[in-house]
Amino acid sequence: MRAQKKLRNLVCQRYCFFFKPDRKEDLACEGILFLEKGLEKGLLSWELLSALYYPIPFLQEYPFDSILKTRLCHLCPFLPDGCDFRDQTSLTSAPPCGGYLILQNLIQLGLLDPALLMLIRPTE
């Protein structure tokens, strides 16, 4: 539980535009669930995630979106209620969640192999 709280503090508070510090969040986006499962299975390490302690650039383009959409987003517990990032009818462009941003950046920086997405959280 301590590792889960550490990860959520690290990612959600720093990188998620949807995070509300005054609310107790029991739910987590699929990106966070992926990172938690990867740590639990030993496929990810805290050393890898130490990159998150440094500023990660916010991207204007998402070159790994098709991979993340296929392997991650469709499993997200927030998707049924609507994803502002995925909503094409929205008049404003919302950023993706913190978990998505982190995974996009880790893949783009070469720190995370996209093939791990299938190993850690297989599609259902």
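Position in the sequence shown (from 1) plus 1426 gives the number in this note's numbering. Where a beta carbon is used, it is the ideal one built from N, C-alpha and C, also for glycine.
Rounded Cβ spacing between residue i and residue j (contact assumed at less than 8 Å)
{"i": "Gly-1457", "j": "Gly-1536", "result": "Not a contact, Cβ separation roughly 18 Å."}
{"i": "Tyr-1441", "j": "Leu-1532", "result": "That pair is no contact at about 11 Å."}
{"i": "Leu-1529", "j": "Leu-1498", "result": "7 Å"}
{"i": "Ile-1546", "j": "Phe-1460", "result": "6 Å"}
Nearest to residue i (by Cα), restricted to the options the options
{"i": "Leu-1478", "options": "Ser-1492, Gln-1439 and Leu-1494", "result": "Gln-1439"}
{"i": "Ala-1454", "options": "Tyr-1488, Leu-1538 and Leu-1436", "result": "Leu-1436"}
{"i": "Pro-1489", "options": "Gln-1534, Phe-1443 and Asp-1448", "result": "Gln-1534"}
{"i": "Glu-1571", "options": "Glu-1473, Phe-1511 and Asp-1507", "result": "What the structure shows of the chain is the stretch from 1427 to 1550, and residue 1571 is not part of that stretch, so it cannot be assessed."}
{"i": "Leu-1538", "options": "Leu-1475, Asp-1448, Arg-1434 and Glu-1466", "result": "Leu-1475"}
Start and end residues, alpha helix (DSSP H) containing residue i
{"i": "Leu-1520", "result": "The displayed chain sequence assigns Ala, not Leu, to residue 1520. Where Ala-1520 is concerned, there is no enclosing alpha helix (DSSP H), given that its DSSP letter is neither H nor E."}
{"i": "Lys-1446", "result": "Counting along the chain, Lys-1446 falls outside any alpha helix (DSSP H), and DSSP gives it neither H nor E."}
{"i": "Phe-1511", "result": "Unbroken run through Phe-1511: none, as it is neither H nor E."}
{"i": "Leu-1469", "result": "Where Leu-1469 is concerned, there is no enclosing alpha helix (DSSP H), given that its DSSP letter is neither H nor E."}
{"i": "Leu-1542", "result": "1542-1546"}
Backbone secondary structure at residue i - three-state DSSP
{"i": "Ser-1492", "result": "helix"}
{"i": "Cys-1499", "result": "helix"}
{"i": "Tyr-1441", "result": "helix"}
{"i": "Leu-1422", "result": "There is no way to answer for residue 1422, as the model of the chain reaches only from 1427 to 1550."}
{"i": "Gln-1530", "result": "helix"}
{"i": "Glu-1474", "result": "Correcting the residue identity first, residue 1474 is Leu in this sequence and not Glu. Helix."}
{"i": "Ala-1454", "result": "coil"}
{"i": "Glu-1550", "result": "Legend: pLDDT at Glu-1550 = 47, less than 50; position of this residue unreliable, no value from coordinates given."}
Proximity of residue i and residue j at Cβ, strictly below 8 Å
{"i": "Ile-1493", "j": "Pro-1522", "result": "no"}
{"i": "Leu-1542", "j": "Leu-1469", "result": "yes"}
{"i": "Glu-1473", "j": "Gln-1430", "result": "no"}
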